[in-house]
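Everything below concerns the one structure shown next.
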Amino acid sequence: MMLREDNWNSWRTAFKGRMLSKKLKAVYDAGVALANERGLAASNDGNVTTPARTNTHDPAYSDDNDAYALGILLTCCSESQQQYVAEADTYGEAWCALVKHHEPKTRVDRLATLSEYFNMKWNTKQESLPQFLERYEIVLRKLKASGDAVHDSMVVDRLLDMLPWQMRAVTHQVHAMPMAQSQNLATVRVLLEAEYKAAIRSGALTNPKSGNNDDHALLATVKPGKCNWCQHKGHWEAECRSKQAGRPRRPKGNNPKGNSGKKDQNKEDSGNLALDEEVWMFAAIEDEEVEDADSNAFVFHATDSRGRVLVDSGASTHMTGDATRLTDLMPCDRTVIVANGGRTRATKMGTMRVTTDTGATLVMEDVLVIDAMPSTLLSVTAMMRRDSKFAVTFNARGCSIMHGTNTIATATLDPRRKVYVLDLAGEVEQCNLAADIPTKKSTQQMSTLWHQRVGHLPTAAVNRCGSMGLGTPKQLPELKVKCECCAKNKITKISPPKERTRSFCPGECWVSDTKGPMRTESVGGCKYYTVYLDVGSGMKVVRFVKSTDAATQTRTSIS
1 MMLREDNWNS WRTAFKGRML SKKLKAVYDA GVALANERGL AASNDGNVTT
51 PARTNTHDPA YSDDNDAYAL GILLTCCSES QQQYVAEADT YGEAWCALVK
101 HHEPKTRVDR LATLSEYFNM KWNTKQESLP QFLERYEIVL RKLKASGDAV
151 HDSMVVDRLL DMLPWQMRAV THQVHAMPMA QSQNLATVRV LLEAEYKAAI
201 RSGALTNPKS GNNDDHALLA TVKPGKCNWC QHKGHWEAEC RSKQAGRPRR
251 PKGNNPKGNS GKKDQNKEDS GNLALDEEVW MFAAIEDEEV EDADSNAFVF
301 HATDSRGRVL VDSGASTHMT GDATRLTDLM PCDRTVIVAN GGRTRATKMG
351 TMRVTTDTGA TLVMEDVLVI DAMPSTLLSV TAMMRRDSKF AVTFNARGCS
401 IMHGTNTIAT ATLDPRRKVY VLDLAGEVEQ CNLAADIPTK KSTQQMSTLW
451 HQRVGHLPTA AVNRCGSMGL GTPKQLPELK VKCECCAKNK ITKISPPKER
501 TRSFCPGECW VSDTKGPMRT ESVGGCKYYT VYLDVGSGMK VVRFVKSTDA
551 ATQTRTSIS
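With UniProt numbering applied, the sequence shown covers 1 to 559.
Laid out in structure tokens, this is it:
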């Protein structure tokens, strides 16, 4: 960390750690003691004492250690700070010069420090509790160094006053503690950290690192320097969006802007300069060390399209970076020379099978395994060398690969990266690059396979998805035989309604209800009576009965 005008407190902590790692604690402590002694003298009578040498009574001190510490201090100061330590001959003098410049020393500086102390606030959405406590302790140290130290009880009370209402329960815990513990900042800090973790876990407070995107956008700050990943200013590598998106690291010193030095470049190329960081260009020549080599020069381009197959008319052989997709692996010894003069070795090669959207399976033989290649390269030269019946036609939208009069594969032009990407599909039709005549299966089987694979969609919908570049074939024929699963799923039966309304004719539906026994018998000695209701007409009939058994109810007639 380099010392600047605005990072004295954080730099001081980092510098102390570096001195301790170099076993220069004695020299560091002597410099701090000398600065405190000279600072107290200046604050008492306004006179500066004569510069003293570093304390040499410590057995760990030596002139070599002092010179070593002075060298570390000079290398940790930026150009704006070199003016304060340029005339220092010892580490103690250099440290005192920096302390004199950065620490508060006048009454105006002390008032500014006191104002900073009493105006401190804690925004829980911007900084966490450990960050806030670190900032609070830095201000306390500055007050102590300026001679305006605050009492311990005032330090704790001021800290409790800045807490949000979600953590005010700590105030009662601190007041219930003994006096010696309630005025100890370290003890109170332990309680605060425990309460803060509980508030984060319960959701009462939000961790600044896990807030939503709106809070991050409102509270975003510009970081000094530039990102080590994309070489852009304003952020660091930990929060770089290009790195999170999987884009490759941008080399240092290679940041093209505008159209300077490229007079013959058209507007399309000039407008896509910002996309160059996503394209990995790989130009190479191959030194064939085997006897069956027909050509030893090629140029191919690979993009950051992992798992995709690219059609290249300039490559001399098939290549891939994924050895797991190969079969019949065998060792080989070939040298690949890239355009900048670097060399790499291909120690493995094998056979790869790729199924196209037309149903043909291209069997590529002698595929070299190149480390760090993100995609697979289909060499047009190697394909022509294997079989003269192959023909490749390029146009503005893509290219087509034909074997005789049959189109066995198509590729789509990626306008963003300007490469031809092979259209892949399922294994239906076989075509071996080393064979003369390809074998075919029924296109009806291909339609049936894709109909079942994509969830029993209609053939027209599958063709539409293929024309949109979703990975399905584009020209599937209609199914001649209806799908059995689709026919079964379309069979339905009418369920009875859950609720219905029906009207009855008079005398068609009767409803009865019996009540009793009554306290007083009727004239005929009956204690029960039955009410009969005609649903159709609403007429009611009341009959007195002596019992509620079924026989008595049945004998009762309605007239």
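Glycine included, C-beta positions come from ideal geometry on N, C-alpha and C.
Separation of Asp322 and Thr381 (C-alpha to C-alpha, rounded to the nearest whole angstrom) is 21 Å. With contacts defined as CB atoms closer than 8 Å, Ser400 and Leu310 fail to qualify as a contacting pair. Under the DSSP assignment, Ser512 falls outside any alpha helix (DSSP H), being part of the beta strand (DSSP E) whose first and last residues are 510 to 515. Around Thr171, the same chain offers Leu160 as residues with beta carbons nearer than 6 Å, after the five sequence neighbours per side are excluded. For Phe394, the uninterrupted beta strand (DSSP E) segment begins and ends at 390 to 394. Boundaries of the beta strand (DSSP E) around Lys226: 223 to 226. Below 8 Å, too few C-beta pairs join the segment 503 to 519 and the segment 473 to 480 to call them touching: fewer than three. Around the beta-carbon of Cys96, 16 or more other beta-carbon atoms lie within 10 Å, marking it buried.
Annotated as proximal: Thr514 and Thr548, with beta-carbon spacing under 8 Å.
It is roughly 14 Å from the alpha-carbon of Leu133 to the alpha-carbon of Ser10. Here DSSP, grouped into helix, strand and coil, assigns Leu98 to helix. A Cβ-Cβ separation of about 6 Å places Leu479 in contact with His451 under the 8 Å criterion. Sixteen is the threshold: since fewer than 16 other Cβ atoms of the shown chains lie within 10 Å of the Cβ of Val511, the residue is exposed. As the crow flies, the alpha-carbon of Trp122 is around 25 Å from that of Gly234.
By the C-beta criterion, the segment 379 to 394 is judged not to be in contact with the segment 325 to 333, since fewer than 3 inter-stretch pairs fall below 8 Å. Rounded to the nearest whole angstrom, the C-alpha separation of Val454 and Asn463 is 11 Å. Annotation: the continuous alpha helix (DSSP H) that includes Arg189 extends over 185 to 202. When C-beta atoms of the segment 353 to 360 are compared with those of the segment 405 to 414, three or more pairs fall below 8 Å, so the two segments count as touching. DSSP places Val535 outside any beta strand (DSSP E), giving it a letter other than H or E.
Between Arg249 and Trp229, the C-beta gap is smaller than 8 Å, which places the two residues in contact.
Scanning Leu129, Ile138, Leu98 for the CA closest to the CA of Tyr117 turns up Ile138. Taken through DSSP and simplified to helix, strand or coil, Cys485 comes out as helix. Counting C-beta pairs closer than 8 Å gives fewer than three between the segment 175 to 185 and the segment 83 to 103, which falls short of the contact rule. At a Cβ-Cβ threshold of 8 Å, Arg12 and Ser80 do not count as neighbours.
Within a 10 Å sphere around the beta-carbon of Thr361 sit 16 or more other beta-carbons, which makes this residue buried. For Met154, the uninterrupted alpha helix (DSSP H) run begins and ends at 152 to 161, by DSSP. DSSP, reduced to helix, strand and coil, places Lys348 within a strand of the structure shown. The beta carbon of Lys226 is closer than 7 Å to those of His232, Lys233 in its chain, skipping five residues each way along the sequence. In this structure, Val156 sits away from Leu140, with a CB-CB distance that is not shorter than 8 Å.
Beta bridge pairing from DSSP links Thr355 with Thr361. Annotated three-state conformation of Phe504 is coil, per DSSP. Distance from the CA of Met319 to the CA of Ala245, rounded to the nearest whole angstrom, comes to 26 Å. In this chain, the beta strand (DSSP E) harbouring Leu377 covers 376 to 379. Under DSSP, Tyr528 shares a beta bridge with Val545. Burial is judged here by how many other beta carbons sit within 10 angstroms of a residue's own beta carbon; Asp371 has fewer than 16 and is exposed.
The alpha-carbon of Ala67 is positioned some 7 Å away from that of Tyr91.
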